[in-house]
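Worksheet: one structure, shown below.
Numbering (our numbering), first residue to last: 235 to 373.
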């Protein structure tokens, strides 16, 4: 089991999101958004599970969720779902967005696509999303 101090955890996360710091890690711990700390020897420590929770929190907050909504969602998810959600954090990182093309479908919808997608796939995707937004269910 990997164990971390709050500072180590904050340092790891700060590489993924500049807004993350030790104060934020402690705050999320204090308000109960994270599982209870593990006891190793006579010290309370963070684990990889806490790291997954923090990444999931960052992902959801970047998608516009409030902390209260995030807490409710996390309580309903399995550990595997939380880890999967946290893995999506990379999609919100500026370097990821800059490496991909952003397509504006309308005022409410934008798609970010990899440069590896073919022009045909790109066109089909735009058409499919446009049809869905118009209420057409056929793909």
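Quick reminder that beta carbons are idealized off the backbone N, C-alpha and C, glycines included.
So residue i packs on residue j, CB below 8 Å; how close in whole Å?
i	j	result
residue 283	residue 269	6 Å
residue 286	residue 317	5 Å
residue 292	residue 251	5 Å
Confirm, please, whether the CB-CB distance from residue j to residue i is below 8 Å.
i	j	result
residue 243	residue 290	no
residue 278	residue 288	no
residue 275	residue 259	no
residue 281	residue 314	no
residue 304	residue 312	no
Less than 6 Å between C-beta atoms, sequence neighbours within five positions excluded: which residues of the same chain meet that for residue i?
i	result
residue 336	344 and 346
Given residue i, which residues of its chain have a CB within under 7 Å of its CB, disregarding the five upstream and five downstream residues?
i	result
residue 357	none
Enumerate in chain order the residues of its own chain whose CB-to-CB distance from residue i is below 8 Å, with the five nearest sequence positions on each side excluded.
i	result
residue 247	254, 259, 285, 288, 289 and 292
**Message:** List, from N- to C-terminal side, the alpha helix (DSSP H) runs of 4 residues or more that fit wholly inside the stretch 293-350.
**Reply:** The qualifying runs are 301-310, 313-321 and 328-333.
**Prompt:** Whole beta strand (DSSP E) runs in the stretch 261-287 with 3 or more residues, listed along the chain?
**Reply:** For the stretch 261-287, whole beta strand (DSSP E) runs of length 3 or above, ordered along the chain, are 272-274 and 277-281.
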